[in-house]
Amino acid sequence: MKLYYSPGACSLADHIVLEWIGKPYEAVRVSRDDRRKPEFLAINPAGAVPALEQDGWVLTQNSAILNYLADLHPESGLGGDGSAKSRAEVNKWIAFSNSDVHPAFHPIFGSTAYLEDAALIDKSKDAARAKVRTLFERADAHLADQEWLAGSRSVADPYLYVTWRWARSSGVDISGLDHLAAFASRIEADAAVQKVLKDEGLS
Ligand SMILES: N[C@@H](CCC(=O)N[C@@H](CS)C(=O)NCC(=O)O)C(=O)O
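Heads up, the sequence shown is in the numbering used here, so the first residue is 2 and it goes up one at a time.
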């Protein structure tokens with residue numbers, strides 16, 4: 002199994018999950034330039050990571066990959082406790098990161114550059130930072146009385162952690178989000194996560 006990733010990108014979530022599962026895999030680093038090359042576009046025409054390749058089959062879209070890894074390794078417990086309800090909770094939190102938090106970063110990452118007006122672009126970035134803060138406040142409140150998003154550690158947790166890393170380095174006000182900060186520290190303290198951060202050149 003091969004995971005195509007870019008350092009610190011949303012593919013970091015899948016990388017952590019693969020390490021938690023503990024079965025052999027290969028992590029293939031893809032730079033920003035590589036993502037536009039025909040070789041990579043043949044793997045994912047969207048030119049985006051993550052992409053997971055297994056026996057010539059390629060799966061893209063983070064939510065699909067996280068679910069697939071959980072299904073492939075039920076013994077890991079990373080897809081919930083086996084009940085439909087607990088799996089729905091895992092999926093709810095994958096969706097929160099993938100559909101709400103991740104897209105909220107787009108202006109910060111440059112999606113409003115087409116405006117070609119520095120003041121307007123700055124304004125869109127400030128609005129994005131405020132939006133991320135609001136979403137994080139919701140996650141913070143949820144984590145007040147539990148260690149993991151879906152009740153027990155799951156494939157959803159590293160995705161929110163990745164967005165926390167982005168927030169830390171992009172001027173989002175993360176002050177006072179103590180439960181979310183503790184959650185991120187819990188993930189960061191994990192030996193498997195430390196290994197992945199080192200392998201991606203992030204530690
Ligand atoms: N909908 C895709 C989005 C993936 C995505 O945005 N990946 C980013 C890294 S976090 C990327 O590779 N962007 C490069 C690009 O879109 O050109 C998913 O959920 O997997």
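Think of the CB as a built atom: it goes at the ideal place given N, C-alpha and C, for glycine as much as any other residue. If you're wondering where the values come from, they're calculated on a predicted model, not measured in any experiment.
Among the options, whose alpha-carbon lies nearest the alpha-carbon of residue i?
{"i": "Trp149", "options": "Asp127, Ala65, Lys126, Ala182", "result": "Ala182"}
{"i": "Asp127", "options": "Ser87, Tyr115, Asp174", "result": "Asp174"}
{"i": "Ser204", "options": "Ala71, Ser112, Asp101, Leu13", "result": "Leu13"}
{"i": "Ala105", "options": "Asn68, Lys132, Lys199, Tyr115", "result": "Lys132"}
{"i": "Ser176", "options": "Glu138, Gly111, Pro159", "result": "Glu138"}
{"i": "Gly172", "options": "Val197, Gln147, Ser112, Ala129", "result": "Ala129"}
{"i": "Arg88", "options": "Arg30, Glu189, Cys11, Gly152", "result": "Gly152"}
{"i": "Asp146", "options": "His180, Val29, Tyr160", "result": "His180"}
{"i": "Tyr162", "options": "Met2, Val18, Leu60", "result": "Val18"}
{"i": "Glu54", "options": "Glu76, Met2, Arg37, Arg30", "result": "Met2"}
{"i": "Tyr160", "options": "Phe110, Ser100, Asp200, Glu201", "result": "Ser100"}
{"i": "Arg30", "options": "Pro8, Ser98, Pro39", "result": "Pro8"}
{"i": "Leu144", "options": "Arg187, Ser125, Ser170, Ala85", "result": "Arg187"}
{"i": "Ser170", "options": "Tyr115, Ile109, Gly202, Asp56", "result": "Ile109"}
I'd like to check one pair, residue j with residue i: are the Cβ atoms closer than 8 Å?
{"i": "Ala185", "j": "Trp167", "result": "no"}
{"i": "Leu79", "j": "Arg154", "result": "yes"}
{"i": "Ile44", "j": "Tyr5", "result": "yes"}
{"i": "Asp141", "j": "Leu178", "result": "yes"}
{"i": "Val197", "j": "His16", "result": "yes"}
{"i": "Ala50", "j": "Ala96", "result": "First, the amino acid is wrong: residue 50 is Val here, not Ala. No, these two residues do not count as a Cβ contact at 8 Å."}
{"i": "Asp158", "j": "Ala28", "result": "no"}
{"i": "Ile122", "j": "Thr135", "result": "no"}
Could you pull the DSSP bridge partners for residue i from this structure?
{"i": "Leu4", "result": "Ala28, Leu53"}
Compare the C-beta of residue i with all C-beta atoms of chain B and state if any pair is closer than 8 Å.
{"i": "Lys196", "result": "No chain B appears in the structure shown, which is made up of a single protein chain."}
Within the region 23–83, note down every full alpha helix (DSSP H) run reaching 4 residues or more, in order along the chain.
39–42, 63–73
Please go through the region 116–198 and give each complete alpha helix (DSSP H) segment of 4 or more residues, from N-terminal end onward.
119–143, 157–169, 179–189
Which residues end up in the neighbourhood of ligand 3 when you take C-beta atoms closer than 7 Å to any of its heavy atoms?
No copy of ligand 3 occurs in the structure displayed; its ligands are ligand 1 alone.
Say whether the region 15–23 touches the region 187–200, bearing in mind that this needs 3 or more beta-carbon pairs closer than 8 Å, one atom from each stretch.
yes
Would the region 51–65 count as touching the region 88–106 if we require 3 or more Cβ pairs under 8 Å?
Contact between the region 51–65 and the region 88–106 is present, because at least three Cβ pairs lie under 8 Å.
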